[in-house]
Amino acid sequence: MAKPKSEAAATRTWDGNAATYRWQERFESRAVSAAIRLADTGPADRLVDLATGTGIVLRALAEAKTRPADALGVDRSGGMLERVGPLPPGWRVLRGDARALPLAGGSADVVTCSYLLHLLDPGDRASVLAEARRLLGSAPRPRLVVTTVWVDRDTIGGRLLSSVLRGIARAAPARLGGLKPLDPTADLAAAGFLVTDRVVLPRGGYPSLVLRARPV
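Residue 137 in the working numbering is what sits at position 84 of the sequence shown, and the numbering runs on without skipping anything.
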């Protein structure tokens, strides 16, 4: 019974951070721009944004040259969703758990998931990716775009930065506990996805990895 309490506490933490979360978006914006490019949405696409938070992905999509026909942002934190702001007609947000979404299979052509997977343990990552695959169903051009905090540990600088990020995460777990680098390629493969594009952003914000994948 400890896990539900932990999850409730995590939700309260995100609710509490909602009022000041916009300041973090400056560190996410470059990776979000890369994710929007990889999502490559068309005017007939249906998009679901998992862990939408305060809506940075939705707002970027709304300003893109070509918007998806429909966009839905999902987050477990009601406090975050309250700060999404105005969206284009027909777009909406939904409070829900990315591991078990109240959405029909095949209800998306594109799924985006930014800065979530590195917060989760392997079992929860598998559940989120299984839901993403279910949402994509038999779409004609299905794609999943995920963004995580990541550094290249094969370099000296990367190893040093990884150590610094983990230290920051330990020092301020409530606000910066998500700064734990993750390359989710293996998780994607285990969930039945093939990575087709990879963008590494080592500076200009949170060091990030943006991957586009398709079901196989």
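For glycine and all other residues, C-beta sits at the position ideal for the given N, C-alpha and C.
Buried/exposed call for residue i, threshold 16 Cβ in 10 Å
| i | result |
| --- | --- |
| arginine 79 | exposed |
| glycine 176 | exposed |
| glycine 126 | buried |
| threonine 249 | exposed |
| leucine 103 | buried |
| glutamate 184 | buried |
| threonine 119 | exposed |
| valine 269 | exposed |
Coil, strand or helix - residue i by DSSP
| i | result |
| --- | --- |
| glycine 126 | strand |
| alanine 266 | strand |
| alanine 153 | strand |
| alanine 192 | coil |
| alanine 55 | Confidence at alanine 55 is low in this model, with a pLDDT of 32, below 50, so the placement of that residue is unreliable and no value is reported for it. |
| threonine 105 | coil |
| leucine 235 | coil |
| arginine 112 | helix |
| threonine 64 | helix |
| tyrosine 259 | coil |
Segment limits, alpha helix (DSSP H) that includes residue i
| i | result |
| --- | --- |
| arginine 79 | 78-92 |
| serine 180 | 175-189 |
| aspartate 240 | 238-243 |
| leucine 134 | 131-134 |
The beta strand (DSSP E) enclosing residue i, as first and last residue numbers
| i | result |
| --- | --- |
| serine 167 | 163-167 |
| leucine 170 | Segment: none, leucine 170 is in no beta strand (DSSP E) and carries neither H nor E. |
| valine 248 | 246-254 |
| valine 146 | 145-148 |
Original post:
Would you say the region 137-147 touches the region 161-171, given that touching needs at least three Cβ pairs under 8 Å?
Top reply: no
Original post:
When the Cβ atoms of the region 237-257 are set against those of the region 85-98, are three or more pairs found closer than 8 Å?
Top reply: yes
Original post:
Would you say the region 122-139 touches the region 184-204, given that touching needs at least three Cβ pairs under 8 Å?
Top reply: no
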